[in-house]
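Numbering (our numbering), first residue to last: 239 to 603.
Here is the structure:
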């Protein structure tokens, strides 16, 4: 009996290892997954977001064989921003007298997912690329709510890079293939395109484009609320990107997904912890790519111009309530982080450092 039990345990261990072979974090569900009664060869641990035909034809087979999408673009999208989202996906290129429209993200082997936070899906069907996209609708939900529920790393395990972008970006000076070539050559695991400093809504100086650089990982700033010097090794001075246009490697996204709190839907505070998912030193593995840059228009979407009655009393300004909720979630998130650090005695913060002497530098590094 002992031999039988040992054999059963060995087989169970092998199957579980196969089931989680792409999970470097070794995160386990609270309820054990029982797959030991299945023959190992039938366990299919990966999935993707690829559309499949209901039946195969010669055309669909050749199309499917040639597709092989390698990357994913996910955008929370409302119908009011339809034209701008279309411009992100289908870039306009002027060639002498002609206007050429290139579906650049599709052409570069991207799967496209639209998260419809206003519930309007039918309004997108007239766009030629819409039938190739995945449409997920849930009214008044945020980007992070959608990401936590529909972008599980097990489902995205076949994609090399995940773009989780806002809908209010302009991409006249951006090309996804060139961008990823730079990201790979620079060894970045988490990045964002730089923001045009003149046309964009900029919250943090590190996101601003430096015209004389291809990539920067750090900012030096002696003025303002965030003093960034040579001794600054963390956000928002170094190893940091903002939440409007992050790009993750597969490994970085697996970590980042686990960082997203299921009940904290606004995601405030996440960007300051993403460096822990950089698969190494965040001062080297996280960066802003200057040569491929975008415009961030900073359009407020959820709750804009919406006022709801609160019982029989005064009306409620939804935007004010959303901001209040976001700040509350930020406090909750930080408390959870602090508590997790205290309770995990085996965890060592890799970014604890000693301060060094302050030196003068150019603004970007």
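All C-beta atoms in this analysis are idealised placements derived from N, C-alpha and C, irrespective of residue type, glycine included.
Three-way DSSP call (helix, strand, coil) for residue i in this model
i: residue 401; result: strand
i: residue 590; result: coil
i: residue 442; result: coil
i: residue 413; result: coil
i: residue 323; result: helix
i: residue 512; result: helix
i: residue 475; result: coil
i: residue 525; result: strand
i: residue 422; result: helix
i: residue 585; result: coil
i: residue 469; result: coil
i: residue 296; result: helix
i: residue 370; result: helix
i: residue 504; result: coil
Selected residue, minimal CA-CA separation from residue i, among the options
i: residue 391; options: 502, 585, 372, 284; result: 284
i: residue 343; options: 386, 395, 412, 540; result: 412
i: residue 434; options: 310, 446, 441, 423; result: 446
i: residue 389; options: 570, 420, 286; result: 286
i: residue 559; options: 516, 573, 504, 582; result: 504
i: residue 414; options: 346, 539, 584; result: 346
i: residue 439; options: 536, 452, 451; result: 536
i: residue 419; options: 394, 441, 453, 393; result: 453
i: residue 354; options: 366, 385, 328, 329; result: 385
i: residue 568; options: 556, 510, 579, 278; result: 510
i: residue 478; options: 495, 519, 292; result: 519
C-alpha gap between residue i and residue j, whole angstroms
i: residue 275; j: residue 281; result: 10 Å
i: residue 507; j: residue 371; result: 30 Å
i: residue 443; j: residue 382; result: 24 Å
i: residue 530; j: residue 273; result: 46 Å
i: residue 308; j: residue 554; result: 45 Å
i: residue 417; j: residue 527; result: 8 Å
i: residue 351; j: residue 312; result: 5 Å
i: residue 202; j: residue 403; result: There is simply no residue 202 to check, as the chain begins at 239 and stops at 603 in what is shown.
i: residue 590; j: residue 514; result: 12 Å
i: residue 260; j: residue 436; result: Only weak support is given to the placement of residue 260: the predicted model assigns it a pLDDT of 36, under 50, and the question is left unresolved by the model.
i: residue 349; j: residue 288; result: 7 Å
i: residue 326; j: residue 532; result: 10 Å
i: residue 488; j: residue 561; result: 31 Å
i: residue 557; j: residue 278; result: 52 Å
Endpoints, beta strand (DSSP E) assigned at residue i
i: residue 430; result: 428-433
i: residue 312; result: 309-315
i: residue 349; result: 348-354
Residue range of the alpha helix (DSSP H) that includes residue i
i: residue 561; result: 556-581
i: residue 344; result: 342-345
Worksheet item: Should the stretch 422-434 be regarded as contacting the stretch 504-524, the criterion being three or more beta carbon pairs within less than 8 Å?
Response: Yes, since at least three Cβ pairs between the stretch 422-434 and the stretch 504-524 fall closer than 8 Å, the two stretches touch.
Practice prompt. Could you tell me whether the stretch 318-331 touches the stretch 354-371, where touching means 3 or more Cβ pairs closer than 8 Å?
Written response: Between the stretch 318-331 and the stretch 354-371 there are three or more inter-stretch CB-CB distances shorter than 8 Å, so the stretches are counted as touching.
Worksheet item: Are at least three pairs of beta-carbons, each pair with one atom in the stretch 495-503 and one in the stretch 464-478, less than 8 Å apart?
Response: No contact exists between the stretch 495-503 and the stretch 464-478.
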